[in-house]
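Okay, so the sequence shown: first residue is 0 according to numbering that gives the first Met the number 0, each after it adds one. Below is one structure, written out as C-alpha cells, with a few remarks after it.
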Amino acid sequence: MYSKKFSKRAGFGLVEAMIAIFLLAMMSLSIVYMYQYVSFAHVKTLENSYTTRLSEMVFSKLKTVEYYYLFDYDSAKPNYGLSGTYGPVTLQRSTYPYTGTLNEINAILANYKIAMWQVSIKFKIRDISDVDGDGIISDLRDFADSNSDLIDDYDANVKYYKANGDADYYDTYASTSLNKPVSEFPDTNLKEVELKLYKNGRTIHTQKELISLEMLSGIESKASGAELELYVNQPANDTYLYDLMTSPRQDAFNIVLSTAYPPEVIAYRADSIAPLRLWGETVPLATVRFYINSMGGSPKDTRTADALGNFDFQSALVTQNLLEGENMIYAQAVKDTYYSPYAPRRVLLDLNPPAISVQTPTGSTGDLMPYAGAVITDAVLSTGIPSGICEQTITMRVNGSSATYKYSAATGDIYWYDPDTGAPPLLSNGNSYTVYLELGDNAYYKAQSTWTFTVSVNDPDNSAPSTANKVPSGATSEPMPEISCRVFDNQSGIDLYSITMKVDETVVVSSANITSHFDFKTGKAYYTPETPFLNGSYHAIEVSVSHWADTPADKKTSVDSWGFTVSY
C-alpha cells in the first residue's frame, strides 16, 4: 500500500515539473519575441520619423524649382539622369539651372546615409469629362496614352510636342493661343511628384505630392486656383551679380576678351550706382514684395505694378541687403486679400575678380620642353563662394599665335602643351617666347597676363641630371604604392622621352607612356603597380634620365636606383 501511494505521488511530480518547464520556456520565448517586436517597431518608428522629415525637406527644395524645370531625377545616374538642353527654344541653356538645388538635396540625404533617391513625375489632369466614370468631375486622372502616340487618349490638346529639333522634351515655347510659355511635355499645369528614398538596397520611404504651375509661378489655369499671377524676368534664376564700386573690380570688368561669354552665363550689375534691376509682370496695380534669403517677414523692397501689370525698377534696398556669395531673392505679388506664390531667384554676388599668378618660366630657362604655364584663381573677397572661372573665355597665345593649353579647374593650373604628344612642345634653343593668357569669371570680371622667357640650353653641360624625392624608400605599408621620383637638370633640362623606370628589372615607364606617368609642373615621374605586391617582398627600382646637352658624353645620362620592402 505504501509503495503504491509513493509511486503515484512521484509520477505526478515529474509531470508537473515538465509542464512547468514547458510553460517557462513558452514564456521566455514570448518575452524574447515581444522584445524583438518592440525593438523592430521602435527602429521602424524612428526610421519613419526621420525619413518623413527628410521628405518634407526635399519637397520644400523641389518647390523652389520653376515648374517647367521640374523633371524626373535619379541620384545614382550622372547629372541626376538629365541630358539635354533647357529653357525656351529661343534661348537654350546647356546646363540645368537647378543643379545646385539637387546637389543640396543630395548632400543632406547623404548625411543621413540615404544611398539613393529618385523623383518621378506623373502628369495629372482635372477629370472634367468624368473619364473614370465615378460621377465626379473635380477629381484628377493621369495623362493616358494607351497607343503610345504621345497624345492623351481623351484630350488631343494634351500631348508631347517637339518645338525644336533636339532629342529631349525639356524645352518650353511661347504659345500664341494660350498667350503663355508652354512645355514640350504634356502641358497639364499639374504634376504628381513621387519621391523614393533608398537605403541598404531597399525602399525606406515613399511620398507623393501635387505640384502645380500656379503654386510656383502664379500663372492661372484650370489645374488649380491661383489667385494672382507673377512673372519675374530679371534677375533670371542661377545668375551672377557684379559690383563696380572699386577700381580693381572696374578695371577687371573693362578688360575686353578675345572670346565672348556663352549665352547661358548671365550676370547683372548690382551696386550703389547701378542697383539690381528687378522687372517682370503681374496683375494690374498689384504690389510686388521682394525678400532676401527668406520668405515672409518684412520685405526689403516693394513696388506697385502699373495699369498693365508691369514693374521695372532698380532696387537700392534689395542691392544693399545682398551678401557676398549666394543669395535667394523671393518675389510675391499682393492685391487686396489675394496673393501669388513666391517666385524664387538664386543669384550669386561676386566681389573679387579672378587672378593669374605663378607665371613660369620667366627670364632664361635651360630646357627645350619647359612647363610654360600659370595658376588661375577665383577666390572670395571675405565670405561665401566665388562665381568661378568661365572656361569658355580662356585664351592662350604664344608669340601672337593661338596656343593649345590644358586647364585643371580643381587646381587652377594651366599650361601650354602639344596636342599631338600630350606634352609641352619642343622649342628651339636660343629663341624667345611671349605667353599671353586671358580669361573671365562667371560674374564678367576678367584677368590677363603676359610673360616672356628665352630658351637657353647650355652645351656642354658638365653636370649630369639629378634624381630626388625617391619614394617609397626603405619600407612601405602600402601593397600598391606609388613609386616616384623627381628628375631635373638646371643647366640643359630633361629630355622627357629619355626617362625610363624599371621595377624589378621590368620597364614600366618609357618614351611610349611617359606622358601619362609624368607631372610636367613638378618634374615627378611616377608609377603605380597594377597588382598588389606580396607582403614581405623586396622591390628594386632603377631610373635612367638624360639631359638635352650632348657633351660631355659621360654627363649626358644618369642612372639612379633604390629599393623598398612591402610590409602590411
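Cβ coordinates follow ideal geometry from the N, Cα and C atoms, glycine included. A quick note: this is a predicted structure, and the numbers were derived from the prediction, not measured.
- A straight-line Cα-Cα distance of about 18 Å links methionine 17 and serine 29.
- Residue environment: threonine 171 is assigned as buried (16 or more neighbouring CB atoms within 10 Å of its CB, all protein chains considered).
- Each residue's CA atom was taken as its position, placing asparagine 534 and methionine 479 some 11 Å apart.
- Where glycine 99 is concerned, there is no enclosing beta strand (DSSP E), although the alpha helix (DSSP H) around it starts and stops at 98–110.
- Between the alpha carbons of threonine 361 and lysine 76 lies a distance of about 46 Å.
- The Cβ neighbour count for glutamate 228, taken over all protein chains shown within 10 Å, is at least 16; the residue is labelled buried.
- Here the alpha carbons of threonine 100 and glutamate 325 stand approximately 12 Å from one another.
- The residues Tyr66, Leu69, Ile120, Lys121, Phe122, Lys123, Leu209, Ile210 and Ser211, in chain order, have a CB closer than 8 Å to that of lysine 190 in the same chain once the five nearest residues on each side in sequence are set aside.
- In this structure, threonine 318 places its C-beta atom within 8 Å of the C-beta atom of aspartate 270.
- In the DSSP annotation of this structure, arginine 248 is not part of any beta strand (DSSP E); the continuous alpha helix (DSSP H) holding it starts and ends at 246–253.
- Remark: three or more beta-carbon pairs, one from each stretch, lie closer than 8 Å, so the segment 148–164 and the segment 178–190 are flagged as touching.
- For arginine 140, DSSP records a beta bridge to Ile124.
- Counting only runs of at least 3 residues, the segment 287–330 fully encloses the following beta strand (DSSP E) elements, listed from N- to C-terminal order: 300–303 and 309–314.
- Taking glutamine 206 as the centre and dropping the five residues before and after it, the same chain places the C-beta of Ser54 and Leu194 closer than 7 Å to its C-beta, in chain order.
- Distance from the CA of proline 424 to the CA of glutamate 103, rounded to the nearest whole angstrom, comes to 42 Å.
- Straight across, the Cα-Cα distance linking aspartate 460 with asparagine 489 is about 10 Å.
- DSSP assignment within the segment 526–558 yields the following whole beta strand (DSSP E) runs of 3 residues or more, N-terminal first: 537–545.
- Ranked by Cα distance from valine 357, the first of Leu350, Asp349, Met327 and Tyr370 is Tyr370.
- When Ala446, Leu347 and Phe517 are compared, the shortest CA-CA separation from glycine 421 is found for Phe517.
- The beta carbon of glycine 83 sits closer than 7 Å to the beta carbons of Asp165, Ala166, Asp167 and Tyr169 from its chain, once the five residues preceding and following it are set aside; these are given in chain order.
- For asparagine 78, the secondary structure class from DSSP, reduced to helix, strand or coil, is helix.
- For lysine 207, the secondary structure class from DSSP, reduced to helix, strand or coil, is strand.
- Three or more pairs of CB atoms, one per stretch, sit closer than 8 Å, so the segment 449–459 contacts the segment 543–562.
- As a beta-bridge residue in DSSP terms, serine 560 pairs with Glu541.
- In this structure glycine 279 touches tyrosine 230 by the C-beta definition: roughly 5 Å separates them, less than 8 Å.
- Nearest C-alpha to glycine 308 among Leu284, Pro352 and Leu322: Leu284.
- Checking the DSSP bridge columns, you'll see lysine 334 partnered with Tyr337.
- Leucine 367 places its beta carbon 8 Å or farther from that of glycine 200.
- Per DSSP, the continuous beta strand (DSSP E) segment holding leucine 438 begins and ends at 431–440.
- Taking the Cβ atoms as the reference, tyrosine 197 lies roughly 7 Å from isoleucine 113, within the contact range of under 8 Å.
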